[in-house]
Amino acid sequence: MPIRGFDAFCQERKLIQASNLSMLKGCSLGIDATYYLQQILTSQQSKEPLTSALGGLPLALRNHINRDLDDFERLDVKPVFVFNGINLLKKEDPFSRDDKRPSQRTAAWQRYEKGEVDAALQNFGQTLPNMNDIAKFAQSVLAERDVDFQVAPYSAWAQLSYLENHSSQYIDCIYGASEVLLYQGVERLVTSLRLGESKFSWVLKRDIINAMGISDEQFLDVCLLSGCEFCPTFAPLEVASPYGPNFNFKAALDMIKAYRTGYNAILNLNTLPPKPNSYNDRYQSAWCAIKYPFVLGAEGKLQNLNSAEIPLDIHEIIGTRLPEEIYYYLSRGYIGTNVINTLVSGIHTESAPLDNGDSQEYRKFLGDLHEIRTQALSLLTHPLHRYFQNKKTSIVYWYAPGQETQMQHKVSPTPYEETATWNVKDDFLDAELKAQNNTKVDLRFAVQTLAKGGGAKKTTVLKDAANPLQSTNEVVANTLWRTMQLRQLVSNGHELTKWGRALAIAVETTSVDDDLSEALYLAFELLKLNVLKREPFTSATGGGPSKGSDDEKNHIRLISRVASLLQLRHREVPWSGPVSQSLMAFNSFVKTFSRCGRNLMEMVALSLALNGNWKRDDAMKFGEVSARLPLGKEVNAGLGVVVQAFLDETTGAEVSGAKETLTKLFPGTVDAFGDVQRAFKLWDAVVAGVKAAHKDGIVGGYKLGNFEAADEWLKSRRAGVRQSANRHHHRASPRQHTSSSEEQTEMAPRQKALLKVIILGDSGVGKTSLMNQYVNKKFNNQYKATIGADFLTKDVMVDDRLVTLQLWDTAGQERFQSLGVAFYRGADCCVLVYDVNNARSFETLDSWRDEFLIQAAPSNADNFPFICLANKIDVDESKRMVSQKRAMAFCQSKGDIPYFETSAKEAINVEQAFEVIARNALAMEDQEDYAGDFNDPINLGADTGTSSGGSRYFLLTNDRNFHCLDCGQPVKVPKSKQTAYSNLKTSSKNNCKQKANRYNTEHSRHTDIQKAERECRNTSTFDTTHA
């Protein structure tokens, strides 16, 4: 948290200066990574409130980081990111501060189930993702981009201060939280960056201190008493003061001026808390942490910035000092801080998961993870001083904050000693990779190597001090095998156990390209822990299967849980679609096990280094080792939600329209239908493994029966999936069409059309009421709340055509504009609604229309069907603010769009209006119905960008090939035209709209710009950083 009240104080006194980023050209900018990431997570433009309802990481986070890195490159500013390391010790009991997040999440789910989307979003947004998880992900992105970063031994602020004040001046200035100013030597601070505008704000410490009229030491005291990350607000400042009833930074300043030091102020005024000395302890610890910080020096060793005066009890602030080597590996991103923090502080605090963890199953599950946690601690302490080996460590759970559970990590033999026979070298690994026709050492490789005959003997290799492990492959392979042994998938004799054999059989049913081994590993770990089952958990949660019998709901629940172990392929945009509390509850099991399992793997890898099994090579890319170890990327519940929606929608109904339904229900996905099929491949593998486990006697008949019954039930739906996929795959391309459109209509069976209709307008104009009046009057409807929107569906007949209208209401969309692209994409008609008694709601129709055209980018903007509804005509005519004449003039100016005066309350003209909406949307759908998949590359003529079937739209993607924007297939482009078509080449520096507009101007006969822009977002190979 920033220094409380500090920013407002500086703004009031105009101490914050603004400049153009050109001033920083050629500079190295040290970045407080936690502060930088928090700005992304909390900014109105980039925050994703539904992250806490879906699990995992914010979907657009990578996009935001890459965009900023591109801007730094454009501005010629070199960023150097510094992340926080080991936590400083806090002199307070675990969970002593009131945590309101669980109650906020409970309220969010309750409001979501009631359809109160705006309120639910606000509640969900109160919970930020775990910053350790966010930091590890950000480090992986920076490593991919080859951008410098460092993990500080303790505070990133102290490390940044050191880097700026070093004689080599590693960085020229610092961007970060206001606490950075508390460190000695920091004289200026960049407080905000607006990279898109090439602007930044900054402050000078000397100006601030002069404005306060105090000394440097007093400045530190004012900030500590006000409250910051190191120290809570001094209680007397929370009560009424001459400046008002609430806290005011000026009151803290006057307090220091009156008492000269913070210590004196505390001695004289600290009468409010029940323990008078407790705040003084916190204050003095914070003061020492800032005055005597530890940093990682240029030589890679830990050092204190004020070593001449360092107090003897500094260990009470940072904990007992660890070996230098641990700080080094930490700084390179090789390991995380979770296990180290537990060892240093002596306490692991287990907070409530995102579903609040109210079920009995989850709390039992936490107890079952105790062994993994103690194994990780034992691996860390094995090569350390006996002080650490004997140190008392405990775990405290949020539901029993006053109760400590001991973690007995001193065992014999230690986990390191148990797994000491894994020291396999590259010669064997290379030969085995070739034999498996594999290219990387991963879980699949590790399992299949042991499943083969003779694998146990060949992998039993003792430590050779003269010939230690060196390569990345060697470190990764031996880490995986040692972890598998600790998790009882492999025996001490290097043979697969019964659980290991079940996993091996499951892996064998998949191919290398399926990339399912990590999800399968999770599945069998959760099966071992009796978590992967069909029954609902004991805590009451909504969002589960909604259709079919109880048995069918159990089948859907089990299949969806398996599916949620896979990562849904989603564009780097916020989630748009339904969420499920039931699947979020299961995701809590997945996330917690993944975190524990990952900690164990990291400690196994660290033990190889600390015990001399691996020779440290400073040239090694440590981030590569970290990236290749499993369980490093959090899986959200997204694919489980998609599969559950698919199975719900197809229960008792046809499957043929599944692809279109999923695409429109989850517009941010890359290929929802394709991911459903991937999930079913995973399901097949899990079922095969469960059968093998039952045969070996480790899975009972009841659980086997549940999987087999669900598998049998799923077969009919899968048959429909394959038929639907085949129908889509064999649709003829435009260039194959030789008959007239009428002939084609006769030849092809007419399928039910799914039409997406967007209803736009200001809050309160009656959008939801119109929708409900139309839909609820006649048909059963399934109401689902989505991010910033609701939708209802209704089947209607238009002439002889059965049409499903999917009506999207922008509930709260006005305040969540960042969700626009995914929300608008794929619309077939747009309804503009205003209140005849509210002139402002009519005047904003132009803005809504323009916003739609920008976000949806329809292929034919001039002829796209809009309809205008003047609502609430039932109100007294004398209150009417917008005349019919004025409204009709607006409609005529926009292409003579249809106009209806309606009343949702009295059902006036509602039915008639939506009939026209359905007809116009259907006409748009028929117009846009172009070909889908192609088996062969498309051949473009030498002189034109068209073929006999119609226009083709194409793009040069990152794989350096041209692709059709309709279907994504490779396109053969004549060499004479390749330079021209390369104007749509993706680039991390140029906005795709600018490129596409330039292309449209120069080569207008080859592309429809709006369609190209829309479709390029749908191309999986397109870099959406600036899309």
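If you read the sequence shown in our numbering, its first letter stands for residue 2, the second for the next number, and so on. Glycine included, each C-beta is placed from N, C-alpha and C at the ideal position.
For this session: Assign glutamine 39 to one of three DSSP states: helix, strand, or coil.
Result: Collapsing the DSSP output to three states places glutamine 39 in a helix.
Exercise. What are the boundary residues of the alpha helix (DSSP H) that phenylalanine 220 is part of?
Worked result: It spans 217-227 - the alpha helix (DSSP H) in which phenylalanine 220 sits, taken as one unbroken run.
Exercise. With phenylalanine 84 and glutamine 140 assumed to form a contact (beta carbons below 8 Å), what rounded beta-carbon distance in angstroms separates them?
Worked result: The pair is a contact, with the Cβ atoms about 7 Å apart (cut-off 8 Å).
Exercise. Got a sec, what are the start and stop residues for the beta strand (DSSP E) proline 80 sits in?
Worked result: Per DSSP, proline 80 belongs to the beta strand (DSSP E) from 79-84.
Exercise. DSSP state of histidine 316, grouped into three classes?
Worked result: Here histidine 316 sits in helix by DSSP.
Exercise. Is DSSP giving aspartate 8 helix, strand or coil here?
Worked result: In the three-state scheme derived from DSSP, where H, G and I count as helix and E and B as strand, aspartate 8 is classed as helix.
Exercise. Quick one: Cα of glycine 31 to Cα of isoleucine 315, how far?
Worked result: Those two C-alpha atoms are separated by around 27 Å.
Problem set entry | Proximity of leucine 89 and isoleucine 318 at Cβ, strictly below 8 Å | Contact annotation: leucine 89 and isoleucine 318 have beta-carbon atoms nearer than 8 Å.
For this session: Using alpha carbons as the reference points, say which of Asn531, Thr473 and Leu648 lies closest to arginine 617.
Result: Closest by C-alpha distance to arginine 617, out of Asn531, Thr473 and Leu648, is Thr473.
Problem set entry | Three-state secondary structure assigned by DSSP to threonine 958 | Any reading at threonine 958 must be qualified, since the residue scores a pLDDT of 37, below 50, and its modelled position is unreliable; the value itself is stated next. Threonine 958: coil per DSSP, three-state reduction.
For this session: Pick out the complete beta strand (DSSP E) segments inside the region 387-454, 3 residues or longer, and give them in chain order.
Result: Within the region 387-454, the runs of beta strand (DSSP E) at least 3 residues long that lie entirely inside it are, in chain order, 395-398 and 405-407.
Exercise. Can you pull the DSSP bridge partners for glutamine 18?
Worked result: According to the DSSP secondary-structure assignment, glutamine 18 is paired through a beta bridge with Trp203.
For this session: Starting from tyrosine 835, follow the beta strand (DSSP E) in both directions and report where the run begins and ends.
Result: For tyrosine 835, the enclosing beta strand (DSSP E) stretches over residues 830-836.
For this session: Please classify serine 23: does DSSP put it in a helix, a strand, or coil?
Result: Serine 23: helix per DSSP, three-state reduction.
Exercise. What's the gap between the Cα of aspartate 515 and the Cα of tyrosine 522?
Worked result: Each residue's alpha carbon lies about 14 Å from the other.
Exercise. By a C-beta neighbour count over all protein chains shown, 10 Å radius and 16 as the cutoff for buried, is threonine 262 buried or exposed?
Worked result: Looking at its Cβ environment, which holds fewer than 16 other Cβ atoms inside 10 Å, threonine 262 is exposed.
Exercise. Using DSSP with H/G/I as helix, E/B as strand and the rest coil, what is arginine 98?
Worked result: It is coil, neither helix nor strand.
Exercise. Which residues does DSSP pair with glutamate 1 in a beta bridge?
Worked result: In the structure displayed, the chain extends from 2 to 1028; residue 1 sits before or after that span and is not available.
For this session: Can you give me the start and stop residues for the beta strand (DSSP E) that lysine 757 sits inside?
Result: According to the DSSP assignment, lysine 757 belongs to the beta strand (DSSP E) that extends over 754-761.
Exercise. Going by the beta-carbon positions, is the gap between glutamate 326 and lysine 302 smaller than 8 Å?
Worked result: No; because the gap between Cβ atoms is not below 8 Å, this pair is not in contact.
Problem set entry | Residues bridged to leucine 806 [DSSP beta-bridge criterion] | Residue pairing by DSSP places leucine 806 opposite Leu756 and Lys795 in a beta bridge.
Problem set entry | For glutamine 304, the three-state DSSP class (helix, strand or coil) | Three-state DSSP puts glutamine 304 in a strand.
For this session: Determine the direct distance from the alpha carbon of threonine 450 to that of lysine 458, and round the result to whole angstroms.
Result: Distance between the alpha carbons of lysine 458 and threonine 450: 11 Å.
Exercise. Of the residues Val204, Tyr398 and His410, which one's Cα is nearest the Cα of arginine 387?
Worked result: For the residues Val204, Tyr398 and His410, the minimum Cα distance to arginine 387 belongs to His410.
Exercise. How about leucine 70 and proline 59: are their beta carbons less than 8 Å apart?
Worked result: Their beta carbons are not under 8 Å apart, which means leucine 70 does not touch proline 59 by this criterion.
Exercise. To which residues of the same chain is leucine 846 closer than 8 Å at the C-beta, ignoring the five residues directly before and after it?
Worked result: Taken in chain order, the residues that qualify are Gly762, Leu833, Tyr835, Cys869 and Phe891.
Problem set entry | Sequence-distant residues of its chain with Cβ nearer than 6 Å to leucine 270 (five each side left out) | Pro237, listed in sequence order.
Exercise. With a Cβ-Cβ cutoff of 8 Å, do aspartate 649 and serine 547 count as a contact?
Worked result: Pairing aspartate 649 with serine 547 gives a Cβ-Cβ distance under 8 Å.
Problem set entry | methionine 798 classed as buried or exposed, judged by whether at least 16 other C-beta atoms fall within 10 angstroms | Exposed, by the Cβ-count rule.
For this session: Tell me, please, which residues DSSP counts as bridged to glutamate 902.
Result: Note: glutamate 902 sits in a beta bridge opposite Ala871.
For this session: Inspect the CB distances between the region 672-682 and the region 496-508 and report whether three or more fall short of 8 Å.
Result: These segments do not touch.
Problem set entry | 8 Å Cβ cutoff met for tyrosine 284 and isoleucine 267 | Contact flag set, yes.
Exercise. How should lysine 807 be labelled, buried or exposed, when 16 other C-beta atoms within 10 angstroms of its C-beta is the threshold for buried?
Worked result: Looking at the sequence provided, one finds glutamine at residue 807 rather than lysine. Around the beta carbon of glutamine 807, 16 or more other beta carbons lie within 10 angstroms, which makes this residue buried.
Exercise. Among the residues of its own chain, which have a CB less than 7 Å from the CB of alanine 1, if the five just before and after it don't count?
Worked result: The requested residue 1 is not part of the displayed model; the chain covers only 2 to 1028.
Problem set entry | Residue from Arg445, Val397 and Arg63 with nearest C-alpha to histidine 571 | Its Cα nearest to that of histidine 571, the residue Arg63 stands out among Arg445, Val397 and Arg63.
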